[in-house]
Amino acid sequence: MLDKIKEFASEFFVTGDPLILGAQVSIALSLVAIIFTLTFFKKWKWLWTEWLTSVDHKKIGIMYIIASILMLFRGGVDALLMRVQLAAPELEFLHPEHYNQIFTTHGVIMILFMAMPLMFGLFNIVVPLQIGARDVAFPFLNSLSFWMFFFGAMLFNVSFIIGGSPDAGWLAYPPLSELSGSPGLGQDFYIWGIQISGIGSLATGINFVVTILKMRAPGMKLMQMPMFVWSVLSSCITIMFAFPILTVTLFLLFLDRYLGAHFFTLDGGGNPMMYINLIWMWGHPEVYIVILPAFGIFSEVVSAFSKKKLFGYKSMVFALMSISFFSFFTWAHHFFTMGSGANVNAFFALTTMLIAIPTGVKVFNWLFTMYRGRIKFTTPMMWTVAFIPCFVVGGMTGVLLSVAPADFQFHNSYFLIAHFHQVLIGGVVFGYFAGLYYWWPKMFGFRLHEGLGKWAFWFWNIGFYVCFMPQYALGLMGMTRRVNEYDFDMGWQPLNVISTVGAFLMGLAFIFQVWQIAHSIKFYKKEKDGDAWDGRTLEWSIPSPAPLYNFARLPQVTHQDDWWEEKQRIAAGGAPKPLAPLEPIHMPKNSGIPFIMSVCWFTAGFGFVWDWKWMIVTGLAGVAVCMLARSFSYDTDYYIPVDEIERTEAALRGTK
Amino acid sequence: MRPFIRMLTPVLFVLMALTLSGCGEQFIVLDPKGPIGESQKDLIYISTILCAIVIVPVLILTAVIVWRYRDKPGSKASYKPNWEHSTKLEITWWGIPIVIILILAIVTVRYTHMLEPSKALASDKKPITIQVTSMDWKWLFKYPEEGIATVNYIKIPEDVPVKFQLTSDTAMNSFWIPQLGGQLYSMSGMAMTLHLQADEQGSYFGSGANFNGRDFAQMTFTVDATSEEEYKSWIEEVKSTSPALTMEGYEKLTEPGSSEVMLFSSFPVGLFEKIVTQYINGDGGAHQQHGSEPASEDADTADSAAANDESGTDNNAHHHGGH
Chain A
20 MLDKIKEFAS EFFVTGDPLI LGAQVSIALS LVAIIFTLTF FKKWKWLWTE WLTSVDHKKI
80 GIMYIIASIL MLFRGGVDAL LMRVQLAAPE LEFLHPEHYN QIFTTHGVIM ILFMAMPLMF
140 GLFNIVVPLQ IGARDVAFPF LNSLSFWMFF FGAMLFNVSF IIGGSPDAGW LAYPPLSELS
200 GSPGLGQDFY IWGIQISGIG SLATGINFVV TILKMRAPGM KLMQMPMFVW SVLSSCITIM
260 FAFPILTVTL FLLFLDRYLG AHFFTLDGGG NPMMYINLIW MWGHPEVYIV ILPAFGIFSE
320 VVSAFSKKKL FGYKSMVFAL MSISFFSFFT WAHHFFTMGS GANVNAFFAL TTMLIAIPTG
380 VKVFNWLFTM YRGRIKFTTP MMWTVAFIPC FVVGGMTGVL LSVAPADFQF HNSYFLIAHF
440 HQVLIGGVVF GYFAGLYYWW PKMFGFRLHE GLGKWAFWFW NIGFYVCFMP QYALGLMGMT
500 RRVNEYDFDM GWQPLNVIST VGAFLMGLAF IFQVWQIAHS IKFYKKEKDG DAWDGRTLEW
560 SIPSPAPLYN FARLPQVTHQ DDWWEEKQRI AAGGAPKPLA PLEPIHMPKN SGIPFIMSVC
620 WFTAGFGFVW DWKWMIVTGL AGVAVCMLAR SFSYDTDYYI PVDEIERTEA ALRGTK
Chain B
3 MRPFIRMLTP VLFVLMALTL SGCGEQFIVL DPKGPIGESQ KDLIYISTIL CAIVIVPVLI
63 LTAVIVWRYR DKPGSKASYK PNWEHSTKLE ITWWGIPIVI ILILAIVTVR YTHMLEPSKA
123 LASDKKPITI QVTSMDWKWL FKYPEEGIAT VNYIKIPEDV PVKFQLTSDT AMNSFWIPQL
183 GGQLYSMSGM AMTLHLQADE QGSYFGSGAN FNGRDFAQMT FTVDATSEEE YKSWIEEVKS
243 TSPALTMEGY EKLTEPGSSE VMLFSSFPVG LFEKIVTQYI NGDGGAHQQH GSEPASEDAD
303 TADSAAANDE SGTDNNAHHH GGH
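Protein chains in written order, with the numbering used here: chain A, 20 to 675; chain B, 3 to 325.
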């Protein structure tokens, strides 16, 4: 009996590596610590009623952000391990297998479990407040989306200590990702982790498109929406078209692995090139999905801190929408070297270059928003100002890569690695940081310490250039991506060492940010009113943090930057708008079903990974029961009575 | 001063990239030794300069605007909080990128056709053919006309066009000799054609650029370009001193693992064609083991001929496995 358990455990857990053993022990210890703390302080009920079952978009947004910061830590540690391995030639710090696992999980985690949830967190917190809504269109679905993402991410991450991590690259090209190339369980964790969270992402996309189109405050025309809302709309439309492709592609790969189908294997009549095409038909729009909202954030921040209206609003909207449209016609530029022929390559080179035009226009519009403005260098604005040159250079190297015949020399090299990190860090990460710093007071009702934020900013920025500029050069020296070691006589070492130093500077920057948050919580100072930055849009017209129902009275919108115009009008001696009488507010009730259903999906996914039929059946049956339970529950909403609103408002706004 | 420093970093990078190019033998992509690599280098420079025409002014403009319009007491810079539109300006910055991209597009389309990898190089010398197979985790090179084979090593004569035929026995890889020219995928079930040439004698670095599993990093090889006489005597030497590659020997090579340089005086007839067509198989799904058939029972002669067909080189002949 004992032997059987031992044998099972040695298969079940990843064994034989001190690094992973350390992780296993520390994960077990943290779990014990969390359970103990929750029990000791009797917080289980609070956790369940206030957070796990919440359908409040603001709380869901905060949970998204916490999860994404944890994932940033995991993905960042992966990155540092890789950089250590590459710091010297022929180093034996990591085995090739581990190196391959680490670059695979680094890519998946940073894009799907860090950037996406950070983005969704900001969507959730900001969009309803900016359009004057009380929640998203489908609050229950919103909660389900979050928990599907969360348990999908957990399923993926658990492969680190149980069963083994995937190691076929972040997009898992077959035949390497087929049973023949990856007989282990890692690839199954990959498929189910991404699959489950991908369904959540698709639902979020639909949810926000409907929210933006149907839930805007009375009077707010489409062309009066804040630019961030426009960027969310363009991003979510892209999600709606792109994510189904991912779901189908991974499902076919699953059929190949689980049932021995031959969609992507050559024996049996399949074709791996089909997978590469399909995955990039999702993969390319995916990077625009994450960058478009960052463009929206920069537009908000640059206007707020230049004390000036956003320049070229119509151009900006047109640019966002055309980028989202063209993002679907560039996928083959990821494999110009597949030998598709000159005409195909020329077509995809041109569509790729085309995207540079609207993107360039946006940069000019941001610059001319600052032009004749009054620029205040707060942390959100610093991230925005740092973004412009970084993204412009990153965009330029992108155009160089799009020149198909030249790409034959850049492809798969560190030049490419440097390029996409420059646009993803310089664009997406800088953007989301700007957004996080900008809306932090709105989320939590207190400010982050500016001084520590500036330290973090400088470490991030200097670290970024130190890390990635040498990688452009390494690419031109012929260093290819995903090599776990290189020969001494290639002369790649000096630049690799510099790059590693840069990566650690960014690691330090992250520590500064954690310190900044901890410091700001310790010296908590409540925001006096909701308008932390003398803002322009509706979210700044309500207290921080916003009450459950957001707006006691739905705002009547007449302008773009409505809150700013209203403040200007009153400053010029205008009378405040008369307050309409309060009415009971219709709100959705919390529900435990999204959480339970996602646990069931996790169970089914885990069962599929190990091919434990009883577990698959249990999990899927649980999903079905949850769906039925939801279909037959009619008690899903309630009204907040007027006197309760009055009490809440009086408490939030001081004496009023 | 701070914003300036921030602006300067990328500018410095651009300058660094420009000055470093040309000098430094380590920048092998920018130090080509063959016509294809040469054209690709030209194209890299042309596109960099075209992009720089927009980028450099934008970076300078950014620095100037951020500096001039920063919020400081008594700033004399103008402040127009409601200035949000100018048709003239917006036409300008829609126009400039459109023009630049248009020029770049024309250049790109021309070069894309010119540098199509399956296009034979203009030369009065007869090209030599090398059949390339990426394996787990080594490269097998076969010289069908000379009858020899090598692992992880290529020798070619200078000034003679080389026609590489690429396939893979396992996962996809990418065949890249930066100083001769750009890479092309090696994929199983098909033979792709890449024409390259070395204009100078020398020793060039080659690698597998596309990740294909555990020992992917070991898939580097050396390309020696020598005089024709030296090349010919090398062929003779390999023929007379090296062992033959037998079918058993090939099967041993298919076992996963990296490999040292190996030289073979001969190889089984039709081996490359066999690797390319191993998935063409009537009974749908039954996996044919690599090279498990004896060489004499070559059932795919017709397909083998097609894979080796000279006439099919205008476009890369994709021989898809299966039906």
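For every residue, glycine included, the Cβ atom is placed at its ideal position computed from N, Cα and C.
The structure displayed is predicted, hence computed values, not measured ones.
Does the distance from the C-beta atom of residue i to that of residue j stay below 8 Å?
i	j	result
Ser199 of chain A	Gly140 of chain A	no
Lys127 of chain B	Val162 of chain B	yes
Thr655 of chain A	Thr637 of chain A	no
Thr200 of chain B	Leu186 of chain B	Here residue 200 of chain B turns out to be Ala, not Thr, going by the sequence shown. Their beta carbons are not under 8 Å apart, which means Ala200 of chain B does not touch Leu186 of chain B by this criterion.
Leu174 of chain A	Trp211 of chain A	yes
Ile150 of chain A	Met234 of chain A	yes
Tyr113 of chain B	Leu45 of chain B	yes
Gly210 of chain B	Met221 of chain B	yes
Phe274 of chain B	Thr135 of chain B	yes
Hey, does residue i have any beta-carbon neighbour from chain E nearer than 8 Å?
i	result
Val68 of chain B	Looking for chain E here will not work: the only protein chains present are A and B.
Mind checking who residue i pairs with in its DSSP beta bridge?
i	result
Pro607 of chain A	A:Asp656
Lys140 of chain B	B:Met137
Val225 of chain B	B:Ile156, B:Tyr206
Phe465 of chain A	A:Lys545
Ser432 of chain A	A:Thr499
Measure the alpha-carbon distance for residue i versus residue j and round it to whole angstroms.
i	j	result
Gly286 of chain B	Gln280 of chain B	Caution applies to Gly286 of chain B, whose pLDDT of 43 falls short of 50 and renders its modelled position unreliable; the value that the coordinates give is listed next. Rounded to whole angstroms, Gly286 of chain B to Gln280 of chain B spans 13 Å at the Cα level.
Ile144 of chain A	Leu105 of chain A	40 Å
Lys234 of chain B	Phe266 of chain B	15 Å
Pro37 of chain A	Ser343 of chain A	45 Å
Gly626 of chain A	Val146 of chain A	37 Å
Trp757 of chain A	Glu584 of chain A	The displayed coordinates of chain A run from 20 to 675. Any statement about residue 757 of chain A would go beyond what the structure contains.
Phe270 of chain A	Ser176 of chain B	27 Å
Asn212 of chain B	His125 of chain A	18 Å
Ile407 of chain A	Gln441 of chain A	11 Å
Lys23 of chain A	Ala475 of chain A	51 Å
Thr556 of chain A	Pro245 of chain A	7 Å
Phe614 of chain A	Trp166 of chain A	6 Å
Glu668 of chain A	Ala571 of chain A	8 Å
Lys61 of chain A	Met20 of chain A	38 Å
Val33 of chain A	Ser201 of chain A	16 Å
Give a yes or no on whether the minimum CB-CB distance between residue i and chain B is below 8 Å.
i	result
Ala591 of chain A	no
Ser334 of chain A	yes
Lys240 of chain A	no
Leu105 of chain A	no
Gln428 of chain A	yes
Leu202 of chain A	At residue 202 of chain A the sequence reads Pro, which differs from the Leu that was named. Chain B contact via Cβ: absent.
Phe482 of chain A	The sequence given here places Gly at residue 482 of chain A; Phe does not occur at that position. Taking Cβ atoms only, chain B never reaches closer than 8 Å to Gly482 of chain A, which makes this a no.
Asn119 of chain A	yes
Any heavy atom of the ligand GDP closer than 7 Å to the Cβ of residue i?
i	result
Phe529 of chain A	As far as ligands go, the structure on display features none, and thus does not contain the ligand GDP.
Against chain A, does residue i count as a neighbour if the rule is that its beta carbon must be under 8 Å from one of theirs?
i	result
Met137 of chain B	no
Tyr113 of chain B	yes
Leu182 of chain B	no
Asp73 of chain B	yes
Glu257 of chain B	no
Val162 of chain B	no
Lys140 of chain B	no
Gly287 of chain B	Reliability fails at Gly287 of chain B, whose pLDDT of 42 lies under 50, so the model's placement of it is uncertain and no value is given.
Glu262 of chain B	no
Ala308 of chain B	For Ala308 of chain B, the pLDDT reaches just 40, beneath the cut-off of 50, and the residue's location in the model is therefore unreliable, leaving the point undetermined.
Asp217 of chain B	yes
Met3 of chain B	With a pLDDT of 45 at Met3 of chain B, under the threshold of 50, the modelled position of this residue cannot be trusted, and the question is left open.
Pro59 of chain B	no
Q: Let me know the alpha helix (DSSP H) ranges lying completely inside the stretch 287-331 of chain A, each 4 residues or longer, listed in chain order.
A: 291-324
Q) At which residue ranges does the stretch 514-581 of chain A contain complete alpha helix (DSSP H) runs of 4 or more residues, listed in the order of the chain? A) none
Q. Quick one: complete beta strand (DSSP E) runs, 3+ long, within the stretch 146-178 of chain B?
A. Those beta strand (DSSP E) runs which fall completely within the stretch 146-178 of chain B and span 3+ residues are 150-153, 155-159, 164-170.
(Q) As an exercise, report each continuous alpha helix (DSSP H) stretch of at least 4 residues that is fully enclosed by the stretch 228-288 of chain B, in chain order. (A) Runs found: 230-243, 249-256, 273-278.
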